[in-house]
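Before any comments, here is the structure.
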Amino acid sequence: EHFSAHPTLTRILQTLIDVGLGYIKLGQPATTLSGGEAQRVKLARELARPRAARSLYLLDEPTVGLHFEDVRRLLEVLQRFVEEGHTVLVIEHHPDLIKAADYLIDLGPEGGEEGGRIVATGTPEELAACPTSHTGALLREVLGGGHRVPAVGKRRRSSRSRTTALAVRGARRHNLQNLTVSLPRRQLVALAGLSGSGKTSLALDTIYAEGQRRFVGSLSPYARQFINQMPKPPVESLTGLSPAVAVESRNAIVTPRSTVGTVTQIYDYLRVLYARVGQQHCPDCQVPLGAASVDEVVDRLTTAYRGRPLILLAPLRPTGSEEYQGRLALAEREGWTRVWVDGEQRRLPLPFAPDRRRHHEVAVIVDRLTPDPRERSRLAEGVEAAFHLTEGQLEARLAEDPLAEPLFFGADLSCPRCGTAYDRLSPRQYSFNHYEGWCDRCYGLGTLGGGWSREEAHTCPDCQGDRLYPASAATLFRDLSLPALSRLPLGESLRFFQGLQLTPAEIARTKDVFGEITRRLGLLMEIGLDYLTLDRSGPTLSGGELQRVNLAGQLGCGLTGLLYVLDEPTVGVHPRDNDLMLAALRRLQSLGNSLLVVEHDLQTLRSADHLVEFGPGAGVAGGRVVAQGTPASVSQGSTLTGQYLSGRLAVPLPADRR
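Quick note: the sequence shown uses the working numbering, first residue -5, plus one each step.
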């Protein structure tokens, strides 16, 4: 009553009342809510927010802590969700909610190891007829003994109501004249008309912008703070909208590190491949790395540093979610008291905790000694202790100059010729977008100079354009490094992977990696990009090339239920390759997606399922729909596009050839 003059607040408050929370105070701390109350608050929030078409809601036992009357109200809310076109998937044991469901999946037959199988599926009546289902036995009793809670709404036989059209009403972006139009879903819809007639204003600036705005609005407040949210476009209503993805023809890549491989995610799979089955080599000696024994490390230290005081360190490198503090606490429990932190010697426990998100040099000081052939046992004990603390890593520093470059040894990987130790590399260390993987001089660009620098751009002398850290660039798979493989034309790369004979061990360690690489390379071949290379820089691609690369990336993801908005996908495509582009669009559509294409190409317009022509002119003379329907029906009309489609109008040949 107090906020009756504020419709937005009234709508939200009424939703809370509808789910049976009229007794709650707005100032009640969230931590004091019961589980049922907290779940209904979340439901009310979803019910009150502007609807996104066909969302999937997952609820884990929403009736916990609810009275029978509250269950009835909850059912009304869930039925409203479904009637608005959403899907509700509920994990539940409450018989009143189970019997009101449209479709049931009964898992069992028992719990634990005796479960994990589907016992029966169907309507509650169909489950009640199943003699082996425990839920069916419950339903036979509930359905036969009368209803405690009347079923709300009408039982739907179909799994969900389908919205067949994307309806736009009152669009006013730029020159759109309060436009109202209905576009079929799951079809290839082409927008045609003069340049400046309002096609892009509808497709990108209205439909895509609203789709992105709704998607970002579904994220948590914490996630939204990192994303530039689009403003709401000037439109009265937009229904039947799926999550939208724009594939534009202009080159909007802002990072020079983007390549064909990273945009299509092929490079991500290659990083996994090289980390799992690649053979690491010493970048200096060009020989495969092997394991170093304790005796070999002792021999090398004694020979190289005889008579010179050394500090033996066990470097601590947290992996995954592990923290430095945990590794240091373990070392302290084992009796170690001194550590090396960023060039300084300290005692445990540390007065501060090194942050694993930042690069630190943290190591346990194992011993201070002077190598002597007569005292090999003490040196061997120190090496073994370091290997034990670090799972095979040792760092040796000169006591007289501890900040000088240390000498590394590894029980896992080391060069048999020079003795240098190396870590086993992870996929992250094959990325030129990460500080652990990029070249320290060019930072993963492969070039120096250029840009705002007065120095002309030239190949980085350290990595020779490979972009990667030396140890990463030296890893070989079938005698090819990752940079060398990335420089092959896509057609040659595909033939390389198709001709591989994998060992059983390689198959076990890579699983689906090879299949994903060959599939995505094949998609790039299908749309006529066999001449590109995976290391081709994104900013150097033409608009047409970039759009086709992005399209191949979307096909590779295999997402369904999306709305793809494409801005002139045939730009930069030779007419010979138009069929390849259209086949790729149809393949994207066959996954269950809707395609909205802004286009001028006649072949594409004739191939569309539905055609919308804007006009009659451009600018203020446009912004209206002058024709709509199948390409055949539009071609019979008198509009400009219709006359060009039918051949009644054509661009004339010049009278004289010059």
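Every residue, glycine too, gets a C-beta built ideally from N, C-alpha and C. Keep in mind that this is a model prediction, so the values were computed, not measured.
Query	Result
Using beta-carbon positions only, say whether L304 and T364 come within less than 9 Å of one another.	yes
Return the first residue and the last residue of the alpha helix (DSSP H) that Q387 is part of.	Unbroken run through Q387 is the beta strand (DSSP E), Q387 to L392; no alpha helix (DSSP H).
Pull up the distance between the alpha-carbon of Q622 and that of R207, whole angstroms please.	28 Å
Going by DSSP, what residue range makes up the alpha helix (DSSP H) through Y429?	Here Y429 belongs to no alpha helix (DSSP H), and DSSP marks it neither H nor E.
According to DSSP, which residues form a beta bridge with R111?	G102
Pick out the complete beta strand (DSSP E) segments inside the stretch 556 to 644, 3 residues or longer, and give them in chain order.	557 to 561, 588 to 592, 604 to 609 and 618 to 623
For the stretch 195 to 264, which segments carrying the alpha helix (DSSP H) assignment without a break, of at least 4 residues, lie completely within its bounds, in sequence order?	203 to 211, 215 to 218 and 254 to 257
Taking buried to mean at least 16 other C-beta atoms within 10 Å of its own C-beta, is S153 buried or exposed?	Reliability of the predicted coordinates at S153 is poor, the pLDDT of 40 falling under 50, and no value is obtained from them.
Can at least three beta-carbon pairs, one atom from the stretch 264 to 272 and one from the stretch 384 to 404, be found at a separation below 8 Å?	no
Just curious, the alpha helix (DSSP H) that V335 is in, first and last residue?	Element bounds for V335: not the alpha helix (DSSP H) but the beta strand (DSSP E), R332 to V335.
Tell me which same chain residues have a C-beta within less than 7 Å of the C-beta of L383, skipping the five on either side of it?	A308, A325 and V358
Have a look at A644, P646 and L545 and flag the residue whose alpha-carbon is nearest the alpha-carbon of E242.	L545
Is the CB-CB distance between L518 and V254 below 9 Å?	yes
Rounded to whole angstroms, what is the Cα-Cα separation between T534 and T249?	11 Å
Short of 6 Å in beta carbon distance, which residues of its chain neighbour L50, apart from the five on each side in sequence? Order them along the chain.	T81
Can you name the start and end residues of the beta strand (DSSP E) that G404 belongs to?	L401 to G404
Measure how close the beta-carbons of L560 and L589 come, nearest whole angstrom, since I'm counting them as under 8 Å.	7 Å
On the criterion of 16 or more Cβ atoms from any shown chain inside 10 Å, does K93 qualify as buried, or is it exposed?	buried
Return the CA-CA distance between L182 and D603, expressed in angstroms with no decimal places.	5 Å
Of the residues A298, P178, V335 and L185, which one's Cα is nearest the Cα of H354?	V335
Pick out whichever of Q630, A644 and V592 has its Cα sitting closest to the Cα of K193.	V592
Checking 9 Å against the spacing of the C-beta atoms, do L401 and A285 come in under that value?	no
Considering only C-alpha positions, which residue in the set L439, Q339, L407 and P343 is nearest to A393?	Q339
Who are the near neighbours of V143 in its chain, counting only those whose CB is closer than 8 Å to its CB and skipping five residues on each side?	Low confidence applies to V143: its pLDDT is 38, below 50, so where it sits in the model is not reliable, and the reading given next is rough at best. Answer for V143: F62, V65, R66, L69, D90 and A94, listed in chain order.
Between T117 and chain C, is the shortest Cβ-Cβ distance under 9 Å, so that the two count as touching?	Absent here is chain C; the protein component of the structure consists of one chain.
Sort R481, T174, R362 and S195 by Cα distance to G301 and report the nearest one.	R362
Among the residues of its own chain, which have a CB less than 6 Å from the CB of P421, if the five just before and after it don't count?	R265, V266 and A269
G440 and E449: beta carbons closer than 9 Å?	no
Considering Cα atoms alone, identify which of E486, R111 and A644 is closest to T512.	E486
Does the pairing of the stretch 163 to 172 with the stretch 573 to 588 give three or more beta-carbon distances under 8 Å?	no
From F381 to A24, what distance separates their C-alpha atoms?	50 Å
From the DSSP secondary-structure annotation, give me the bridge partner or partners of P178.	A159
Can you have a look at H275 and say buried or exposed, based on whether 16 or more other CB atoms are within 10 angstroms of its CB?	buried
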